[in-house]
Amino acid sequence: MKNLKHLNKYFYKYKWKLLIGLIITVAARIFAIYYVPLVGKSTVVIEKYLNGTITDISEVKSELAYNIMLIIGTTLIAAFFTFLMRQTFIVVSRHMEYDLKNEVFQHYQELSLNFYKKNRTGDLMNRISEDVSKVRLYLGPAIMYSVTTFASTVVVLIFMLKSAPELTLYTVIPLPVLSFAIYRLSVAIHQRSTIVQQYLSRLNTFTQESFSGIAVIKSYGIEPQTNTNFTELSNGSRDKNIDLVKVQAFFFPLMVLLIGISNIIVIYVGGKQIISGQIENIDVLVEFILYVNMLTWPVASIGWVTSLVQQAEASQERINEFLKEKPEITNQKAEPDNIQGNIEFKDVSFTYDDTNITALKGVSFKVDKGETLAIIGKTGSGKSTILELIGRLYDIDKGDIMIDDRSIQKLNLESLRNSIGYVPQDAFLFSDSIRNNIKFGKTDASEEEIITAAKNASVHKNIIGFSKGYDTVLGERGITLSGGQKQRVSIARAIIHDPEILLFDDCLSAVDTETEEEILNNLFKITREKTTIIVSHRISSAKNADKIIILEDGKVVQQGTHQQLLDQEGYYKELYAKQLNEKEM
Numbered sequence: 001m002k003n004l005k006h007l008n009k010y011f012y013k014y015k016w017k018l019l020i021g022l023i024i025t026v027a028a029r030i031f032a033i034y035y036v037p038l039v040g041k042s043t044v045v046i047e048k049y050l051n052g053t054i055t056d057i058s059e060v061k062s063e064l065a066y067n068i069m070l071i072i073g074t075t076l077i078a079a080f081f082t083f084l085m086r087q088t089f090i091v092v093s094r095h096m097e098y099d100l101k102n103e104v105f106q107h108y109q110e111l112s113l114n115f116y117k118k119n120r121t122g123d124l125m126n127r128i129s130e131d132v133s134k135v136r137l138y139l140g141p142a143i144m145y146s147v148t149t150f151a152s153t154v155v156v157l158i159f160m161l162k163s164a165p166e167l168t169l170y171t172v173i174p175l176p177v178l179s180f181a182i183y184r185l186s187v188a189i190h191q192r193s194t195i196v197q198q199y200l201s202r203l204n205t206f207t208q209e210s211f212s213g214i215a216v217i218k219s220y221g222i223e224p225q226t227n228t229n230f231t232e233l234s235n236g237s238r239d240k241n242i243d244l245v246k247v248q249a250f251f252f253p254l255m256v257l258l259i260g261i262s263n264i265i266v267i268y269v270g271g272k273q274i275i276s277g278q279i280e281n282i283d284v285l286v287e288f289i290l291y292v293n294m295l296t297w298p299v300a301s302i303g304w305v306t307s308l309v310q311q312a313e314a315s316q317e318r319i320n321e322f323l324k325e326k327p328e329i330t331n332q333k334a335e336p337d338n339i340q341g342n343i344e345f346k347d348v349s350f351t352y353d354d355t356n357i358t359a360l361k362g363v364s365f366k367v368d369k370g371e372t373l374a375i376i377g378k379t380g381s382g383k384s385t386i387l388e389l390i391g392r393l394y395d396i397d398k399g400d401i402m403i404d405d406r407s408i409q410k411l412n413l414e415s416l417r418n419s420i421g422y423v424p425q426d427a428f429l430f431s432d433s434i435r436n437n438i439k440f441g442k443t444d445a446s447e448e449e450i451i452t453a454a455k456n457a458s459v460h461k462n463i464i465g466f467s468k469g470y471d472t473v474l475g476e477r478g479i480t481l482s483g484g485q486k487q488r489v490s491i492a493r494a495i496i497h498d499p500e501i502l503l504f505d506d507c508l509s510a511v512d513t514e515t516e517e518e519i520l521n522n523l524f525k526i527t528r529e530k531t532t533i534i535v536s537h538r539i540s541s542a543k544n545a546d547k548i549i550i551l552e553d554g555k556v557v558q559q560g561t562h563q564q565l566l567d568q569e570g571y572y573k574e575l576y577a578k579q580l581n582e583k584e585m
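Using UniProt numbering, the first residue of the sequence shown is number 1, and each one after it goes up by one.
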């Protein structure tokens, strides 16, 4: 139960509602049990009539009618309180589920990129959906039925002890056996529940990746192999679920057996006590049989509740694993900063933890507000890493990154990222309308601002060509659009944000040279007062920049203006000549 301690704060948050639920539960159990003594009284009346003690049949009918009315009344009241009980506990559990999901999702957002490189999307989704749902069953039904069981057991035992103390002691003999059986089965359920949730995560991960990569699967014609892999994984999940169900299946028969044994004890011991005169009236025996049977569901529910608790324990353990993860990137300053956009790298070195690849080695450069810096280099030279470090998606190993003459780690993280418009190399669009994808950069943007941003990104004509225009809903990851259109919508999203720093990571690679020229001309107009860094493989994207640096194997090997670099022998001049020849051809 140690993993479930994390949920105690939610119990404290809703303590008054839970307390009301507890009071309602006790009231419901008292009214629910009140019919038993009335049945006993009715039995006595009938017995007296049969043995001649009461001869007036109207008196018997009157007594029975009165008892029946009381039974109906108390049963209706018990039903009403039971309804309130369910409303209280189940609604509170939904609130707790909402809070827990928000806590997990917020923590996911705070975690660094390294976390997402080490964990699969399907597993993350499973923990915030399936695992939280398992925990909700503990927070709601398990708690509710635990309270009901406890209240019912206490109330029934009080009535039983008041009626026949000795017979009560005989009746509860099976309870220690029940407790031991529950303990042994609980351990087995916990172990199997953990394995079941792990398989479910693997199944979700496989499914999510298959759907996301369906185009690749179809193009390579590997649907049969994918189906085979899914079937094997699904069969494994089925087998583990069957193992769990087999253990759970012991609970209810065991409960019924023990209740049956209690009934036999009541009939045998109670019958002997009536014969010996220890119990005067047969109504006590009738009441005890009803009491024992009233305990059938509460006692039987112990097994179900125990199963829910063990599954919740396994799920919460998986959730806690992620909640214990500490963000590598933390905000070290509470007060917001006013970012101007002056950027300087001072002998910066950086190595990725997951691959142990050193992406940057002693990189130094400076770009002032209003200037445009172009970064060119071969694949894997460290270009994209520079942009990720400016957004402080990672912290550097050596050197320093200065923003407005202040170390980047001492800036307010939210202010820093709000001052940046970032267009990644792999343009990511949400499954929403084109309008909302552009507004992602500025949620309160007007229609005029959206259209202006789209025009500056040279995508407006494409958008109005769609049947629904800006209301066109995109598929997952923007699959509805071509590669060039996705890149241009991403550029529009960054432009409309109107940040102090604009970062473009090879975001024109999928557009033709004519469209590229149009976008660049628009960008140079709107970025005159902004700091702009353009990563590209094309000289055409870099030639008009104020500064250009050439990266090779994580090091700056050349830097200068377009003309200065053409006057030097090296990668830039070779690339320019190569691309010029390709253009002429």
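Even for Gly, the Cβ is constructed at its ideal location relative to N, Cα and C. All of these numbers come straight from a predicted model, not from anything done at the bench.
Considering only the beta carbon of each residue, do residue i and residue j sit closer than 8 Å?
i: K361; j: K555; result: yes
i: I450; j: I491; result: no
i: residue 586; j: T43; result: Outside the displayed span of the chain (1 to 585) sits residue 586, for which this structure offers no information.
i: F206; j: F180; result: no
i: I77; j: F31; result: yes
i: F11; j: L22; result: no
i: E313; j: H190; result: yes
i: G421; j: G399; result: no
i: F159; j: Y268; result: no
i: Y35; j: T75; result: yes
i: T25; j: T148; result: yes
i: L393; j: D337; result: no
i: I375; j: L565; result: no
Evaluate residue i with the Cβ neighbour count: other Cβ atoms within 10 Å of its Cβ, from every protein chain shown; 16 or more gives buried, anything less gives exposed.
i: N126; result: buried
i: G271; result: exposed
i: G52; result: exposed
i: P298; result: buried
i: S315; result: buried
i: G277; result: exposed
i: G73; result: exposed
i: S262; result: buried
i: Q558; result: buried
i: F524; result: exposed
i: N102; result: exposed
i: D405; result: exposed
Let me check understanding here. Comparing Cα to Cα, which of the options lies closest to residue i?
i: Q487; options: F466, A542, A427; result: A427
i: R86; options: A359, A577, S509, A28; result: A28
i: A359; options: T372, K366, G377; result: G377
i: L7; options: G399, D354, R136; result: R136
i: R238; options: I519, L200, H107; result: L200
i: K366; options: K573, E574, I533, W304; result: I533
i: N456; options: I519, V247, V177; result: I519
i: K369; options: I386, L393, N342, T379; result: N342
i: L254; options: P174, S467, V216, I275; result: P174
i: residue 588; options: T194, L4, I182; result: The shown model of the chain, from 1 to 585, leaves out residue 588, and the question about it has no answer.
i: residue 587; options: M144, K13, T513; result: What the structure shows of the chain is the stretch from 1 to 585, and residue 587 is not part of that stretch, so it cannot be assessed.
i: K9; options: K218, M294, E97, V91; result: E97
i: K530; options: L233, T472, L373; result: L373
In three-state DSSP terms, what is residue i?
i: S93; result: helix
i: A27; result: helix
i: G362; result: strand
i: E344; result: strand
i: F350; result: strand
i: E335; result: coil
i: F211; result: helix
i: V367; result: strand
i: Y422; result: strand
i: I152; result: The question names Ile, but residue 152 in the sequence shown is Ser. Looking at S152 - three-state DSSP - the assignment turns out to be helix.
i: N552; result: Residue identity differs from the one stated: residue 552 is Glu in this sequence, not Asn. E552: strand per DSSP, three-state reduction.
i: T443; result: coil
i: A164; result: coil
i: R528; result: coil
i: S112; result: coil
i: residue 615; result: Residue 615 lies beyond the residue range present for the chain, which begins at 1 and ends at 585; the question has no answer from this structure.
i: V284; result: helix
If contacts are defined as beta-carbon pairs under 8 Å, then residue i and residue j qualify, I think. What distance do you get, rounded to the angstrom?
i: Q409; j: Q340; result: Q409 to Q340, Cβ: 18 Å. No contact.
i: L389; j: I401; result: 6 Å
i: K48; j: I54; result: 4 Å
i: N204; j: G260; result: The Cβ separation is near 42 Å, so there is no contact.
i: L157; j: T168; result: 7 Å
i: E516; j: S540; result: 6 Å
i: S112; j: P327; result: 6 Å
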